[in-house]
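Its first residue numbered 8, the sequence shown is counted upward by one per residue in our numbering. Down below is the structure, laid out as structure tokens.
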Amino acid sequence: MTTLTYKQKPLPLKPHETVLDCLLRHGVALPYACKAGMCQACLVKAVGCTASEESRKWIKPALQARGYTLACQWVSDTDISAELPELADFAVASTIASLRQLNAQVLQVILEIADPRSMFAYRPGQYLTATNPLGVARAYSIANDFAVDGFVELHIAATSHGEFTRWLFGMAKVGDQLYLRGPTGNCFYDVRDDGDQPLLLAGTGTGLAPLLGIVSDALRQKHAQVIHLYHGGRSVDQLYLTDELQELARANPHFHYHPCVMEADSKTPLTLQTGRLEQVLVQDMAKAKLATYRIYLCGAPAFVHGLRKKLYLQGARSEHIHCDPFTERTVVAD
Ligand SMILES: Cc1cc2nc3c(=O)[nH]c(=O)nc-3n(C[C@H](O)[C@H](O)[C@H](O)COP(=O)(O)OP(=O)(O)OC[C@H]3O[C@@H](n4cnc5c(N)ncnc54)[C@H](O)[C@@H]3O)c2cc1C
Ligand code: FES
């Protein structure tokens, strides 16, 4: 029988079972979110053994060298040993500087970094993993550039029974501490690759957070080609930052903001497009040379994967489509 030693105790590891599932099965409260190798919430340290390549491949070399690996991707058929990570080893301490309701469902969270020199370098649009005072860790996209603003901005949507969001919407207050790890993700503006291409960005809900980061970065870097930003919601109440984005479009004639809702009512402003975001966008872009576009898609996984396929079939090049599906936690059956 293969064993996983945790706190000097050998735990039986089932065939093909991940280290995360084994620890959870034995009552260890290891943080995790996606179980898909994306959020990096489930970091553990291999002790006296080497974790599988699969579980290490997304970890930065400096952390790999200290034994860090992803528990949700680590499967072993030999005896292994693991311990929980020390947050202070690799996480950046931040405090909540402000909480602002962007709409009824979404909070803007502004984080102050205790020691700005400790902040990791990232590109707006990438994501970080935030651990709250209860030890719950989740991935959130970064909507701004710390190097420019001196703070970190996140947009976080409420969920019905979510652990992190229940804390954020019910208990969190200015001054609370969050530990940040990162960055991860390939959704960001790179002037060397994107500089001479038109940009198309589309997202639903808080998928706007990384897209806003990318658009602001592109405009700051004087991106000269056309930029189209589509943001969708069921109704007007689900959109946010509409005034700010309209203002940005007025100030930058080559930036086009397309807010889109599924249901319009008598109060819906005429400038909104109506229908499913995917359909509206595909129709708008019917005559565009999509092969020339750099495309960014963020938000609900079904939306991201569905639109990616549609745009590819309409001529977009797959290597020019960058996606960040906000994979939700896999709910484990008790
Ligand atoms: C790359 C990436 C970037 C992301 N960026 C953002 C972002 O910028 N903004 C943002 O708001 N989110 C973002 N997310 C999603 C975020 O990481 C969290 O998944 C989200 O905030 C929910 O976390 P939670 O702890 O509140 O919910 P969880 O506790 O993880 O629960 C997730 C969902 O499962 C449901 N659930 C929980 N337990 C049960 C149960 N027992 N039975 C049935 N249902 C259950 C909850 O209602 C909830 O809807 C991102 C995710 C990824 C992977
Ligand atoms: S990377 Fe392991 S739970 Fe998300």
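Beta carbons: idealized from backbone N, C-alpha and C, even for Gly.
Based on the DSSP output, what are the partners of residue i in its beta bridges?
{"i": "Tyr-247", "result": "In DSSP, Tyr-247 forms no bridge with anything."}
{"i": "Tyr-264", "result": "Leu-236"}
{"i": "Lys-274", "result": "Lys-274 is not bridged to any residue."}
{"i": "Arg-301", "result": "Leu-206"}
{"i": "Ser-148", "result": "Tyr-134"}
{"i": "Ala-53", "result": "Ala-89"}
{"i": "His-329", "result": "Tyr-303"}
{"i": "Gln-280", "result": "Cys-267"}
{"i": "Val-113", "result": "Ala-164"}
{"i": "Thr-76", "result": "Val-51"}
{"i": "Val-82", "result": "Thr-25"}
{"i": "Leu-94", "result": "In the DSSP output, where bridge partners are listed per residue, Leu-94 has none listed."}
{"i": "Leu-314", "result": "Leu-314 pairs with nothing; no bridge assigned."}
{"i": "Leu-118", "result": "Ile-103, Val-159"}
Which first and last residues belong to the beta strand (DSSP E) in which residue i is found?
{"i": "Ser-88", "result": "87–90"}
{"i": "Cys-46", "result": "Run containing Cys-46: none; DSSP gives neither H nor E here."}
{"i": "Leu-31", "result": "Premise fails: Leu-31 lies in the alpha helix (DSSP H), 26–32, not in any beta strand (DSSP E)."}
{"i": "Arg-342", "result": "The chain is shown only over 8 to 341; residue 342 falls outside these bounds and no answer can be derived."}
{"i": "Leu-135", "result": "134–138"}
Can you give me the C-alpha to C-alpha distance between residue i and residue j, rounded to a whole angstrom?
{"i": "Leu-219", "j": "Trp-81", "result": "34 Å"}
{"i": "Ala-231", "j": "Ser-167", "result": "42 Å"}
{"i": "Thr-10", "j": "Cys-56", "result": "13 Å"}
{"i": "Val-116", "j": "Pro-22", "result": "42 Å"}
{"i": "Tyr-186", "j": "Gln-47", "result": "13 Å"}
{"i": "Leu-198", "j": "Ala-216", "result": "Position check: residue 198 holds Val in this sequence, whereas Leu was assumed. Taking the straight line joining both Cα atoms gives about 20 Å."}
{"i": "Ile-163", "j": "Met-8", "result": "43 Å"}
{"i": "Leu-135", "j": "Ala-111", "result": "24 Å"}
{"i": "Tyr-264", "j": "Pro-38", "result": "37 Å"}
{"i": "Gly-44", "j": "Cys-79", "result": "7 Å"}
{"i": "Met-178", "j": "Ala-98", "result": "22 Å"}
{"i": "Leu-141", "j": "Asn-151", "result": "26 Å"}
{"i": "Glu-326", "j": "Glu-254", "result": "32 Å"}
{"i": "Thr-138", "j": "Leu-91", "result": "14 Å"}
{"i": "Gly-379", "j": "Gly-322", "result": "In the structure displayed, the chain extends from 8 to 341; residue 379 sits before or after that span and is not available."}
{"i": "Pro-332", "j": "Lys-316", "result": "14 Å"}
{"i": "Asp-156", "j": "Ile-221", "result": "15 Å"}
{"i": "Ala-307", "j": "Gly-212", "result": "8 Å"}
{"i": "Thr-102", "j": "Leu-320", "result": "45 Å"}
{"i": "Pro-205", "j": "Ala-309", "result": "25 Å"}
{"i": "Ala-144", "j": "Glu-93", "result": "14 Å"}
{"i": "Gln-280", "j": "Val-287", "result": "7 Å"}
{"i": "Gln-290", "j": "Gly-240", "result": "18 Å"}
{"i": "Arg-324", "j": "Ala-298", "result": "5 Å"}
{"i": "Ser-273", "j": "Gly-214", "result": "26 Å"}
{"i": "Tyr-105", "j": "Tyr-237", "result": "In the sequence as presented, Tyr is not what sits at residue 105; that position holds Ser. Answer to the nearest angstrom: the Cα atoms are 27 Å apart."}
{"i": "Leu-70", "j": "Ile-234", "result": "37 Å"}
{"i": "Leu-248", "j": "Asp-224", "result": "17 Å"}
{"i": "Phe-153", "j": "Val-159", "result": "6 Å"}
{"i": "Phe-127", "j": "Gly-189", "result": "7 Å"}
Residue i by DSSP, collapsed to three states: which one?
{"i": "Glu-160", "result": "strand"}
{"i": "Thr-337", "result": "Unreliable positioning characterises Thr-337 in this predicted model, as indicated by a pLDDT of 47, which lies under 50. The coordinate reading is nonetheless provided below. DSSP places Thr-337 in coil when its eight states are reduced to three."}
{"i": "Ile-221", "result": "helix"}
{"i": "Pro-38", "result": "coil"}
{"i": "Ser-62", "result": "helix"}
{"i": "Arg-257", "result": "helix"}
{"i": "Pro-68", "result": "helix"}
{"i": "Tyr-129", "result": "coil"}
{"i": "Gln-321", "result": "coil"}
{"i": "Leu-141", "result": "coil"}
{"i": "Gln-228", "result": "coil"}
{"i": "Val-155", "result": "helix"}
{"i": "Val-181", "result": "coil"}
{"i": "Thr-9", "result": "coil"}
{"i": "Ala-295", "result": "coil"}
{"i": "Arg-418", "result": "Outside the shown range of the chain (8 to 341) lies residue 418, about which nothing can therefore be said."}
What residue range does the alpha helix (DSSP H) around residue i cover?
{"i": "Lys-14", "result": "Note, Lys-14: premise wrong, no alpha helix (DSSP H); not H, not E."}
{"i": "Val-287", "result": "284–291"}
{"i": "Ala-307", "result": "Looking at the DSSP string, Ala-307 is not in any alpha helix (DSSP H), and its letter there is neither H nor E."}
{"i": "Thr-172", "result": "170–177"}
Closest Cβ-Cβ distance between residue i and chain C: below 7 Å?
{"i": "Tyr-247", "result": "Included in the structure is just one protein chain, with no chain C present."}
Give the list of continuous alpha helix (DSSP H) stretches no shorter than 4 residues that lie fully inside the stretch 186–214.
198–201
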